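Trainee:
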Amino acid sequence: MNILHWIYGVLSFLGHDIGYALAYIIESIILLIFVSVMLIFMIYLFRKYMARVQQRIGPNRVGKFGSLQLIADALKLMGKEIIFPKERDDLPYKVAPYIVFFGLILAFAFLPYGNLSIFGNLTITYSDVSIIFIFAILAIMPIGEVLAGVGSHNKYALMGALRSVAKDVSFEVPMMLSVLAIVMMASARTSTSLSLESIVTTEILPYGILEPIGLFVFFIAMIARASYAPFDMGESDSELVSGYSTEYTGMRFALFYIGLFGSIFLGSLLIALLYIGGFNGPFSSQVGFIWLIVKGLILVLISFTIWLSMPRIRIDRLVNAGWKYLLPISFINLVLAGVLTLGLGW
Amino acid sequence: MNDQWIELNIGPQHPSMHGVLRLKAKLDGEIIRELEPVIGYLHRNAEKLCEMGFYCDNLVYFDRMDYVGAMNMEVGYLEAAEKILNVPPPDRAKWIRVIIAELSRIAAHLVWAGAYGLDLGMLTPFFYCFAEREKILTIFTEACGSRQETNYMSIGGVYQDFNDKIIQEIKDFLETFPKRLEEIYNLYVKNDVFLSRTKGIGILSKEVAISYGVTGPMLRASGVEYDIRRAEPYLFYDKVNFEIPISHKGDNLARFLVRFEEMRQSLRIIKQGLEKLPEGPYFNPKAKKSMMIRLRGDGEYYARTESSKGEFGVYIVADGGVKPYRVRVRSPTFKNLSILPVLSKDVMLADMIAISGSIDLVFGEIDR
Amino acid sequence: MVDIISESKGKDGRKIVLVSVENLIPFMKEMRTNGFDHLSLVTAVDKKDSIDVVYHLHSMERNEYVVVKVNTKNSVVPSVTGIWPSANWDEREQYDLVGVKFEGHPNLKRIFLPESWVGHPLRKDYDLSKVQYINMDEDGEDYVTFDAGDGW
Amino acid sequence: MKTGETGVLTTTLENALTWGRSNSLWPLTLGLACCAIEMMAIQASKLDISRFGSEIFRNSPRQSDLMIVSGTVTKKMAPRIRRVYDEMPYPKYVIAMGVCVIQGGPYARGYTVVLGVDRVVPVDVYVPGCPPTPEALTYGIITLQKKIRGETDR
């Protein structure tokens, strides 16, 4: 029983084909709404948390406790004039923000969300190879950033794009290697070890306890992917004004802004799923979804704390850290995972 | 000049240019090959306007030079102007000036520390620094009614006497601030990423520093124990005990540490100043408000004081009139900035930002 | 030993040495070797019929001060940038504001005002009522105009 | 409030947009001189401007709505201010902070000072003071919000 069937159950009077088609559409819309609401909540949380850390109050005039602040921001951004730079590369400039945004939303579609009371399993799309899907989709977002940087014909944007490419390339390999270790360990217990869902459901102990090194590497790689301090290379606001998004106005800029927070949330959910047990927990057959979100939000708060307290690392040191330290560490992690799997039979 | 180099124009509107510095940079990838600072975007003609105003009026232009540590500028101008006009301030006014100038120095260093964090991408310490600065500004407001450009001192004394409330406020500040200062200090120096951005970056050697006329915390961070408060004492700086922090490293971190140590020493000076504050008049009766514009001066005087940025010199040439004939300001940041093209040759763009931040640029003073 | 014209003591208790324009460079070189490693300030003072250029020299080690003055009628003075790099920007500033030409300066351009600014503002005969305006062309270079409609 | 032919929907939409605009004024980081430090102080802990939705100081003019001209405008800087203003997308607002920006202030007799930034860009709200206290600037921002919403103080 999952949410697709549940919706179909409501729509079954329409017949099999139309019912399922409509159910799929409704499911996608629910996903979109869920992601948007979560992101708006996250940005609000970030503002409030940042204010708290910085001995301020944060938004509190618009709506109760400033809860409508993000709505006001969104409305304002919608109403802004859209400026196209004269010497832009038209197509890349225009599609780049959408690539970032839809890459993000697509990735959310493949996550397993666990159970929630009568709705059953909330997972949107099932796939036996969902891990490969997710990491393939994660590689789409940087393309949008690069297109934005190159397309806007601005030197700051170009340098931001170059920095973010260098960053992404150097952290991709350690990230994949640490995921590989998990897949290896999961393959001892399940035949579909590339499916995120079965990796989580068949685990005995959370993989973060078995592989603390893997958790560390993956966490750092996710910070780099989400691109916040100390790895906010693409934006580097005190050096490159606003990085690849320098020339963007209005809603297109908002898509980048959402993309930043979206990838923090996505990264936190991925870490929660892969390393700290995801939707597993007491009563997980009823409230697994809640567990996942709670774990995710705790990780989000940890990410915010790191963001607010770290200066930006220099680009050459960052690339060094990726290739010289994280890569060997993740190899060690891989070997350890092999030993644990084969030798001890975990 | 290589074809592959990118010409990048940084500023005048740029987040980490501390105002209106413009840099013409030639970049080889991320590495800066050539750098040319362009200044003058805040040239407000202070020197010309000083020639047009009475001695007592000119203080406003000095307030607005180093606008983060305005009291030190006032001390610098009055050191010269009072000697030219022969109206020495009484002892109480001198001690008040010492206390206020040191408070102002702390405020200036706090602004620098916060802004330096922002330059490196560190968001939070800025707010802590500004929260502490607010407390100093509250004291200033109590003393003279203004926060930043105070115009507190005047020829022959100070505008208003210290009352018990101000002294109590300063005492409270002295009690609470050291703990907060250590907190802010730890936020920076216990952060590995901060250390990696500052340690060994922008090394300035002693000889180069002296030959380029670099002064203040930048010079002391390069290993020269030179502080005008000690070398050529003005006010009552020869009657207080304090140490001159120096470092031999000469890098960004050394400049950072020197400035923080200076804040601690300033606290010591304030404490001693409060103890030694004598009773008596707070202004020279020769410089009563009605008399002020009739004061005439002659001769020439070059007064050097230690502002929060370095050696602040005011050179006044007088011709016997009620207005100065020529006023020339030696602004420390102007000289300190001229070292930037030397320091940032063949460094990464990110390091250049870190170096220019560590110079402590204030444009009111550079462009005047 | 270079000839000096006169020696006196200023109000601030510092030795003032007046030298001629021709003797400036040899004298300054001598001072540099005597340990005056810090050029604190270069000032040009417009005396209406002539211009005084005042150098405040300082020795970091001995903490000594010497004020060197030259008087020039045609506002040309040799540059001391080769002796103290710190004079570079100072001389540019004095060239900009007072109009002293420092011969042998590596990069004698205006530092505060745009290159095409007319006159030197700190001269006593500078006419403040003649307002000049600045505007920026497409390449980001400034130009000066007397037309209030063109610039700001 | 406009009613009539435009219809209820457009009026509501317009009201919503106005409400959004007035409550989310993102200032541009354009610090010119002394007032810039006081402009930074409104971000800081004591007078937290983020309460009114002006939290994010954007560095890029493309993403900001409000230009706080903080500090003396010189003739050399004026064309740059104009260019930055032109780079901002509509609707955009300008606050002139401090007397130097309003009419030249203590530097009005100088030879390179622009006598008021309103000669360069249109100004919505003037905040006098030298420098204005952060409270005054906050009041200026609230006044601007009222102006956007069409409310009047009088």
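Protein chains in written order, with the working numbering: chain A, 1 to 346; chain B, 347 to 714; chain C, 715 to 866; chain D, 867 to 1020.
Where is the CB? At the ideal position from N, CA and C, for every residue including glycine.
Quantities reported herein were computed from a predicted structural model and do not represent experimental measurements.
1) Quick one: which chain D residues come within Cβ less than 9 Å of TYR248/A?
2) For GLY645/B, which beta-bridge partners are listed by DSSP?
3) State the beta-bridge partners of ASP237/A as determined by DSSP.
4) Taking the alpha helix (DSSP H) that PHE602/B belongs to, which residues open and close that run?
5) Between SER911/D, ILE947/D and LEU875/D, which lies nearest to ASP984/D when the distance is taken from Cα to Cα?
6) Is there a C-beta anywhere in chain B that falls below 8 Å from the one on SER310/A?
7) On the three-state DSSP scale, how would you describe PRO206/A?
8) Any idea if HIS16/A is buried or exposed, counting beta-carbon neighbours within 10 angstroms, 16 or more meaning buried?
9) On a Cα-Cα basis, can you pick out the residue from ILE705/B, SER684/B, LEU683/B and ALA664/B that is closest to GLU428/B?
10) Taking all protein chains shown into account, do 16 or more other C-beta atoms lie within 10 angstroms of the C-beta of ASN821/C, making it buried, or fewer, making it exposed?
11) Could you tell me which chain B residues have their CB closer than 7 Å to the CB of LEU896/D, listed as they occur along the chain?
12) Suppose you measure from the CA of MET419/B to the CA of MET411/B; what does that come to, to the nearest Å?
13) At least one CB of chain C closer than 8 Å to the CB of ASN391/B: is that the case?
14) Looking at PRO927/D and GLU953/D, is the spacing between their C-beta atoms short of 8 Å?
15) For ARG887/D, which residues in chain A fall below 7 Å Cβ to Cβ?
16) Given that a residue counts as buried once 16 or more other Cβ atoms are within 10 Å of its Cβ, and exposed if not, what is LYS86/A?
17) Run down chain A in chain order and give the residues with a C-beta less than 9 Å from the C-beta of LEU527/B.
18) Have a look at LEU387/A and GLY144/A and give me their C-alpha separation to the nearest angstrom.
19) Within 8 Å, do at least three Cβ pairs link the segment 454 to 471 of chain B to the segment 236 to 255 of chain A?
20) Just the C-alpha distance for LYS958/D and SER930/D, rounded to the nearest angstrom, thanks.
21) Could you tell me whether the Cβ of LYS167/A comes closer than 8 Å to any Cβ of chain B?
22) Touch check for the segment 935 to 942 of chain D and the segment 971 to 982 of chain D: three-plus C-beta pairs under 8 Å?
23) For PHE253/A, decide whether its Cβ has a neighbour in chain D, counting only Cβ atoms nearer than 8 Å.
24) With a threshold of 8 Å between beta-carbons, can GLU480/B be considered close to chain A, or not?
25) Mind checking ARG312/A: buried by the 16 CB within 10 Å criterion, or exposed?
26) Of all the options LEU266/A, ASP168/A and ILE271/A, which has the alpha carbon lying nearest to the alpha carbon of ASP232/A?
27) Give the straight-line distance between the Cα atoms of PHE508/B and PHE709/B, rounded to the nearest whole angstrom.
28) When you compare the CB of SER800/C with every CB in chain B, is at least one pair closer than 8 Å?
29) How far does the alpha helix (DSSP H) with HIS455/B in it extend, from its first residue to its last?
30) Near THR1002/D, which residues of its chain fall below 7 Å by C-beta distance, leaving aside the five closest residues on each side in sequence?
31) Taking only the alpha-carbon atoms, compute the straight-line gap between VAL294/A and PRO206/A and give it to the nearest angstrom.
32) Taking only beta-carbon atoms, is ALA454/B less than 8 Å away from chain C?
33) Throw me the rounded Cβ distance for the GLY160/A and GLY243/A pair, which I believe falls under 8 Å.
34) Going straight from the alpha carbon of GLY964/D to that of LYS634/B, what length do you get?
35) Use the C-beta contact count for SER330/A: other C-beta atoms within 10 angstroms, 16 or more gives buried, fewer gives exposed.
36) Using a Cβ cut-off of 7 Å, pull out every chain A residue sitting near GLY1016/D, in sequence order please.
Mentor: Per the coordinate set shown:
1) SER926, ARG928 and GLN929
2) ALA664/B
3) According to DSSP, which records beta bridges pairwise, ASP237/A is partnered with nothing at all.
4) 598 to 622
5) Selected option, being the one with the closest Cα: ILE947/D.
6) In the sequence as displayed, the identity of residue 310/A is Met instead of Ser. MET310/A counts as touching chain B.
7) coil
8) With fewer than 16 Cβ atoms within 10 Å of its Cβ, HIS16/A is classed as exposed.
9) With distances taken between Cα atoms, GLU428/B lies closest to ALA664/B.
10) ASN821/C is exposed by the Cβ-count criterion.
11) GLN359
12) 7 Å
13) yes
14) yes
15) Taking a Cβ-Cβ cut-off of 7 Å, the neighbours of ARG887/D in chain A comprise LYS76 and GLY79, given in sequence order.
16) exposed
17) Contact of LEU527/B with chain A by beta-carbon distance below 9 Å is absent, the smallest such distance being about 16 Å.
18) The structure shown does not extend to residue 387/A, since chain A is modelled only from 1 to 346, so the question has no answer here.
19) Output reads yes: the segment 454 to 471 of chain B touches the segment 236 to 255 of chain A.
20) 8 Å
21) no
22) yes
23) Interface annotation, PHE253/A: in contact with chain D, CB-CB separation under 8 Å.
24) no
25) It counts as buried.
26) ASP168/A
27) 31 Å
28) yes
29) 437 to 465
30) The question names Thr, yet the displayed sequence has Ala at residue 1002/D. The residues are VAL993 and GLY995.
31) Inter-residue distance for VAL294/A and PRO206/A is about 16 Å (C-alpha atoms, whole angstroms).
32) Not one chain C Cβ lies under 8 Å of ALA454/B.
33) 3 Å
34) 30 Å
35) Taking a 10 Å sphere around the C-beta of SER330/A, we find 16 or more other C-beta atoms and assign the residue as buried.
36) Correct list: empty, because the minimum Cβ distance to chain A is about 15 Å.
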